[in-house]
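Engineer:
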Amino acid sequence: MKDIPYPVATVHNAGVCKYKNKYIMIFRSHLNNGRSILGLAESEDGFKFLASKEPFMIPVVDGIFGKYEEYGVEDPRITFIDGEYLITYSAYSRFGVRIGLAKTKDFKKIKRVSLITEADYRNVVIFPEKFNNLYARLDRPHSEISPWSIWISYSPDLKFWGDSELIIKPVQYHWDEMKIGPGAPPFKTKKGWLSIYHGVFPTMDGSVYRLGVA
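Numbered per my numbering, the sequence shown spans residues 36 to 249.
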């Protein structure tokens with residue numbers, strides 16, 4: 036890509052947040068060997084972004100994260116809570132896809148916290164507020180039995196999650212009948228929490244992705 040100052044084949048599926056007086060975008064890219072990394076770009080107005088000279092996050096090779104980031108890191112989502120920015124991302128390996136959690140205060144130093152799901156989860160977004168002193172998240176586990184749906188889970192420490200419950204299912208013969216998944220982190224309105232999610236409809240020419248709100 037011309038406007039990325041290091042060699043990548045793609046730029047897509049980004050997470051964006053407000054940081055001080057500017058906007059931060061963390062985007063997914065694929066290297067020419069197929070491995071995925073995360074890049075960072077900044078903007079003053081939210082429209083024109085300038086990419087950093089180096090990747091923001093690349094797969095590590097050692098320890099538990101190295102084992103599960105073997106094929107790359109993808110699909111970042113950013114939430115500001117408790118004075119820091121939490122970044123969920125997909126960790127790809129021969130063992131499937133797990134969700135990793137990292138955190139930063141300045142988008143310069145980043146610390147990996149934990150792998151917060153088992154294999155074959157996607158689209159984890161964390162609420163920017165706690166509920167009864169518990170962190171909350173939306174996610175989409177893979178299932179071979181029921182439609183791929185959106186669940187909610189809770190955690191006291193961001194590492195151990197439970198009390199999971201299905202809250203949104205795809206609708207048969209609807210635009211999202213194949214599968215759904217969380218998009219951006221939910222945001223609070225006067226009438227409650229608003230969630231932007233994606234839905235998929237299968238066609239003879241491939242899958243059609245659309246956005247919905249709930």
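Glycine included, every Cβ here is placed at the ideal spot set by N, Cα and C.
(1) List, from N- to C-terminal side, the beta strand (DSSP E) runs of 3 residues or more that fit wholly inside the region 43–80.
(2) What three-state label does DSSP hand residue 86 in the structure shown?
(3) Going by DSSP, what residue range makes up the alpha helix (DSSP H) through residue 103?
(4) Can you tell me the Cβ-Cβ gap for residue 87 and residue 57, rounded? I've got them flagged as a contact below 8 Å.
(5) If residue 103 and residue 126 are in contact, beta carbons under 8 Å, what's the gap, nearest whole angstrom?
(6) Candidates 184, 188 and 47: which alpha carbon is nearest residue 166's?
(7) To the nearest angstrom, report how far apart residue 60 and residue 216 are at their CA atoms.
(8) In or out: residue 121 buried (at least 16 other Cβ within 10 Å) or exposed?
(9) Does the distance from the CB of residue 214 to the CB of residue 186 come in under 7 Å?
(10) Mapping DSSP to helix, strand and coil, what is residue 217?
(11) Take the Cβ of residue 111 as the centre, count every other Cβ of all protein chains shown within 10 Å, and call the residue buried at 16 or more, exposed below.
(12) Does the distance from the CB of residue 64 to the CB of residue 46 come in under 7 Å?
(13) Within its chain, find whatever has a CB closer than 6 Å to the CB of residue 67; leave out the 5 residues flanking it on each side and keep chain order.
(14) Whole angstroms are fine: how far does the CA of residue 163 sit from the CA of residue 54?
(15) Within the continuous beta strand (DSSP E) that includes residue 244, where are the two ends?
(16) Any beta-carbon of chain D closer than 7 Å to the one on residue 143?
(17) When the Cα of residue 171 is compared with those of 245, 196 and 139, which residue comes out closest?
(18) Straight-line CA distance for residue 133 to residue 205?
(19) Which one of 175, 150, 41 and 219 has the shortest CA to CA distance from residue 192?
(20) Go to residue 171, then tell me how far its beta strand (DSSP E) extends in each direction, as first and last residue.
Structural biologist: Taking the coordinates as given:
(1) 47–54, 57–65 and 71–78
(2) strand
(3) 98–103
(4) Actually they are not in contact, since the Cβ atoms of residue 87 and residue 57 sit about 13 Å apart, beyond 8 Å.
(5) 5 Å
(6) 188
(7) 20 Å
(8) buried
(9) no
(10) strand
(11) buried
(12) yes
(13) 44
(14) 14 Å
(15) 241–248
(16) The chain inventory of the structure shown lacks chain D, comprising one protein chain alone.
(17) 196
(18) 22 Å
(19) 150
(20) 170–176
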